[in-house]
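These notes are about the structure you will find just below.
Number of protein chains: 2
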Amino acid sequence: MRVHNFSAGPAVLPEEVLKEAQEELLSYQGKGLSVLEMSHRSTEFKQIMEDARSRMLKLMGLGDDYTALFLQGGASMQFYMIPLNFCAEDKKVNIIDTGAWSTKAIKEVKKLDKKLHIAATSEDKDFTYIPKEWTLSDNPAYLHITTNNTIRGTEWKIDPDVPQDVPLIADMSSNFLSKPLEFAKYDLIYGGAQKNIGPAGATFVVLKKSLLEKQNPGMVTMMDYNTHIKKDSAFNTPPCFSIYIIGKVLEWIEDNGGLVGMKKRNEEKAGYIYNILDNSDFYRGTVCSDNENCEKRCEF
Amino acid sequence: MRVHNFSAGPAVLPEEVLKEAQEELLSYQGKGLSVLEMSHRSTEFKQIMEDARSRMLKLMGLGDDYTALFLQGGASMQFYMIPLNFCAEDKKVNIIDTGAWSTKAIKEVKKLDKKLHIAATSEDKDFTYIPKEWTLSDNPAYLHITTNNTIRGTEWKIDPDVPQDVPLIADMSSNFLSKPLEFAKYDLIYGGAQKNIGPAGATFVVLKKSLLEKQNPGMVTMMDYNTHIKKDSAFNTPPCFSIYIIGKVLEWIEDNGGLVGMKKRNEEKAGYIYNILDNSDFYRGTVCSDNENCEKRCEF
Chain A
1 MRVHNFSAGP
11 AVLPEEVLKE
21 AQEELLSYQG
31 KGLSVLEMSH
41 RSTEFKQIME
51 DARSRMLKLM
61 GLGDDYTALF
71 LQGGASMQFY
81 MIPLNFCAED
91 KKVNIIDTGA
101 WSTKAIKEVK
111 KLDKKLHIAA
121 TSEDKDFTYI
131 PKEWTLSDNP
141 AYLHITTNNT
151 IRGTEWKIDP
161 DVPQDVPLIA
171 DMSSNFLSKP
181 LEFAKYDLIY
191 GGAQKNIGPA
201 GATFVVLKKS
211 LLEKQNPGMV
221 TMMDYNTHIK
231 KDSAFNTPPC
241 FSIYIIGKVL
251 EWIEDNGGLV
261 GMKKRNEEKA
271 GYIYNILDNS
281 DFYRGTVCSD
291 NENCEKRCEF
Chain B
301 MRVHNFSAGP
311 AVLPEEVLKE
321 AQEELLSYQG
331 KGLSVLEMSH
341 RSTEFKQIME
351 DARSRMLKLM
361 GLGDDYTALF
371 LQGGASMQFY
381 MIPLNFCAED
391 KKVNIIDTGA
401 WSTKAIKEVK
411 KLDKKLHIAA
421 TSEDKDFTYI
431 PKEWTLSDNP
441 AYLHITTNNT
451 IRGTEWKIDP
461 DVPQDVPLIA
471 DMSSNFLSKP
481 LEFAKYDLIY
491 GGAQKNIGPA
501 GATFVVLKKS
511 LLEKQNPGMV
521 TMMDYNTHIK
531 KDSAFNTPPC
541 FSIYIIGKVL
551 EWIEDNGGLV
561 GMKKRNEEKA
571 GYIYNILDNS
581 DFYRGTVCSD
591 NENCEKRCEF
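From first to last, the protein sequence lines are chains A and B.
Following our numbering, the numbering of the first sequence begins with 1 at its first residue and continues without gaps.
Following our numbering, the numbering of the second sequence begins with 301 at its first residue and continues without gaps.
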């Protein structure tokens with residue numbers, strides 16, 4: 001019997017994926033060894049990696065002007081790597097603060113002594129909404145948003161517009177590939193795999209190649225996106241088994257209607273919870289509602 | 301049929317471990333969910349993590365003055381984190397250069413603009429031996445060695461002596477837990493798990509707590525060993541499944557004679573290869589031999 005899993009992440013994986021992984025755990029495609037012990041330089045694993053990478057970009061509708069990486073360290077490592085790489089001394093990191101996760105991103109910018117501008121914040125109402133307006137600073141290095149906030153329950157409903165010379169960067173840890181988005185609006189998308197596309201241990205980074213023109217010089221090896229791009233995410237030993245499961249989950253997403261299918265499925269799932277919350281005399285949703293007739297949640 | 305796996309790493313895993321993992325892949329201990337999808341904050345996973353950590357320290361014969369962490373990013377990330385944390389401005393990183401991996405460690409020290417002292421090197425003979433003598437600089441931050449060198453085939457046969465106030469740090473990626481060592485001589489031991497104790501995706505760090513007194517201030521969150529110590533390696537989502545397999549491999553090591561058993565097993569395995577090399581008219585070992593009667597390898 002499989003239990004219901006309400007964790008924000010690591011989250012439930014499709015049973016079909018787990019069964020496939022189980023079947024070939026001792027011998028991947030009859031090769032006589034497990035992906036758990038397979039060389040990351042082998043033809044087999046290179047194919048697994050390439051398969052996961054190309055499926056991811058295809059689901060997002062992105063072309064050759066983007067690259068996809070599988071790194072380690074989670075969103076927490078990206079909070080550090082992104083300003084280190086992409087905020088020059090005369091520039092300012094612009095962040096829209098929507099609570100816990102963006103607050104963590106802000107903390108690392110400060111630790112790095114980079115200039116910081118909070119373009120908007122919903123702190124005034126305890127992060128119960130996503131700001132609808134924001135103001136960029138002069139010399140913005142990029143604008144950073146957190147597209148979904150697991151702790152507060154808020155989610156961006158639009159992909160924000162930014163001036164053409166300002167890169168848009170998003171932490172999509174908790175809603176990546178859960179619905180169609182205008183992914184091509186973003187210059188860098190990142191997150192931990194464990195909430196939507198696989199098990200813990202891998203970090204996805206989808207990067208528009210033109211962003212690299214804005215990279216600071218002198219990066220240490222592991223913090224340099226180019227290190228990982230040049231070596232197809234295998235400069236050092238990658239989290240092979242996590243990437244293998246990710247490939248299978250992405251295939252499952254394709255087989256289940258792609259991102260349109262995921263959106264439908266996720267709205268149904270969310271409906272079970274929100275219908276109860278919104279129609280209950282006892283429970284109350286904590287997120288401000290766009291619905292003007294909603295008296296149960298605070299005004300947006 | 302299982303194949304022979306000659307990869308330096310990721311390396312072969314015990315078949316018993318793979319079979320156990322396979323059996324409980326869809327339901328860990330009958331709980332109805334896989335470790336691949338289990339919350340890292342759950343009681344079950346905390347127990348898995350604690351089990352792996354305590355088995356590791358016990359196998360090494362280390363007590364409460366040490367702590368063990370499971371991080372991400374491999375030895376490559378440690379090449380950066382160690383000098384960042386433990387080399388103060390007035391100190392010098394001391395490294396014994398034994399080829400490829402220590403050369404990579406040296407590169408990151410230079411990138412960080414830390415002062416560097418090569419305490420010894422075997423570059424004169426193409427890294428075919430381990431230096432028997434070395435000279436520390438004034439104000440050494442620590443001495444760093446690479447206990448085994450997969451590319452050159454050389455291995456430290458002793459645990460070096462250093463003055464009491466000089467921390468000894470070792471990259472043991474490729475021979476960790478392969479034999480008994482005087483682990484208590486070391487202040488920090490690290491490496492990728494994938495060569496000896498588990499699958500790719502986890503990095504072990506065994507740290508003597510007193511080393512933290514020498515830590516530089518102002519570390520960014522993910523590069524700060526304290527971040528991970530305070531949160532028992534779960535500040536951010538850890539590579540759960542890799543850690544789970546590591547726990548099983550460590551149990552297998554215990555059940556197979558501990559590190560004494562591993563030494564015997566590994567010497568037998570190495571014997572198959574070296575006996576052929578040393579008795580062949582065609583093949584030649586590339587590593588200098590301590591054996592004075594050995595004419596087949598270069599003089600030590």
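We put the CB at the ideal spot given by N, CA and C, even for glycine.
The structure presented is a predicted model; accordingly, all values stated were derived computationally and were not measured.
- Item | Test: A:GLN215 CB closer than 8 Å to a CB of chain B | no
- Query: According to the neighbour-count rule (16 or more other Cβ atoms, all chains shown, within 10 Å of its Cβ), is B:TYR572 buried or exposed?
  - Reply: exposed
- Would you check if the stretch 26-44 of chain A and the stretch 212-224 of chain A touch, i.e. whether three or more CB-CB distances between them fall below 8 Å? no
- Boundaries (first-last residue) of the alpha helix (DSSP H) holding A:ILE48: 43-60
- Query: So what does DSSP say about A:LYS115, is it helix, strand or coil?
  - Reply: strand
- Task: Look at the Cβ atom of A:ASN85, then the Cβ atom of A:LEU143, and state whether they are nearer than 8 Å.
- Result: no
- Leaving out five residues on either side along the sequence, give the residues of the same chain with a beta carbon under 7 Å from the beta carbon of A:GLN314. The requested residue 314 of chain A does not occur in the structure, where chain A is confined to residues 1 to 300.
- Message: Assuming B:ILE396 and B:ALA419 are in contact, meaning their beta carbons sit under 8 Å apart, how far apart are those beta carbons, in whole angstroms?
- Response: 5 Å
- From A:CYS288, A:MET1 and A:PRO14, residue whose alpha carbon lies closest to that of A:ARG152: A:CYS288
- A:HIS144 (DSSP reduced to helix, strand or coil): strand
- Item | Residue of B:LYS569, B:PRO383 and B:LYS479 minimising C-alpha distance to B:ILE553 | B:LYS479
- Message: For the stretch 344-358 of chain B against the stretch 534-551 of chain B, do three or more pairs of beta-carbon atoms, one drawn from each stretch, fall closer than 8 Å, so that the two count as touching?
- Response: yes
- Message: Taking 6 Å as the limit between beta carbons, can you name the residues of its chain near A:ILE132, skipping five residues before and five after?
- Response: The sequence given here places Lys at residue 132 of chain A; Ile does not occur at that position. Correct list: empty, nothing qualifies.
- Task: Report the partner residues of B:ILE489 according to the DSSP bridge assignment.
- Result: B:ALA470 and B:VAL506
- Query: Which value, in whole angstroms, describes the spacing of the CA atoms of B:ASP532 and B:ALA375?
  - Reply: 20 Å
- Message: In the DSSP output, what is B:ALA368 paired with across the bridge?
- Response: B:VAL506
- Task: Pick helix, strand or coil for A:THR221, following the three-state DSSP scheme.
- Result: helix
- Does A:GLU108 have its Cβ less than 8 Å from a Cβ in chain B? yes
- Within the 8 Å Cβ cut-off, does A:ASN266 reach chain C? Absent from the structure: chain C. Protein chains present are A and B.
- the stretch 61-90 of chain A: which residues have C-beta closer than 8 Å to a C-beta of chain B, in chain order? GLN72, GLY73, GLY74, ALA75, SER76, MET77, PHE79 and TYR80
- Item | Chain-ordered chain B contacts of A:ALA21 [CB-CB under 7 Å] | LEU325
- Extent of the continuous beta strand (DSSP E) to which A:ASP232 belongs: Premise fails: A:ASP232 is in no beta strand (DSSP E) and is neither H nor E.
- Query: For A:ILE145, does the count of other Cβ atoms within 10 angstroms reach 16, so buried, or fall short, so exposed?
  - Reply: buried
- Please confirm whether B:PHE427 and B:THR450 have their CB atoms less than 8 Å apart. no
- Task: Could you tell me whether any Cβ in chain B is nearer than 8 Å to the Cβ of A:PHE241?
- Result: yes
- B:GLN494: contacting residues in chain A (beta-carbon distance under 7 Å): THR237
- Item | Bridge partners - A:ILE95, DSSP secondary structure assignment | A:ILE118 and A:HIS144
- Item | Partner residues on chain B for A:SER11, Cβ-Cβ distance less than 8 Å | Residue identity differs from the one stated: residue 11 of chain A is Ala in this sequence, not Ser. Neighbours of A:ALA11 on chain B, chain order: GLU337.
- Message: Taking only three categories from DSSP, how would you classify A:SER289?
- Response: strand
- Query: Counting only beta-carbon atoms, is B:SER307 nearer than 8 Å to chain A?
  - Reply: yes
- Straight-line CA distance for B:THR421 to B:ALA484? 25 Å
- Message: From the DSSP secondary-structure annotation, give me the bridge partner or partners of A:GLU154.
- Response: The question names Glu, but residue 154 of chain A in the sequence shown is Thr. Bridge partners of A:THR154: A:ASN149.
- Task: Measure how close the beta-carbons of A:GLN72 and A:THR227 come, nearest whole angstrom, since I'm counting them as under 8 Å.
- Result: Rounded, the Cβ-Cβ distance is 13 Å, inconsistent with contact.
- What three-state label does DSSP hand B:ASN385 in the structure shown? helix
- Message: Strictly below 7 Å CB to CB, what residues from chain B border A:ILE118?
- Response: By Cβ distance, chain B contributes nothing, its closest Cβ being about 19 Å from A:ILE118, past 7 Å.
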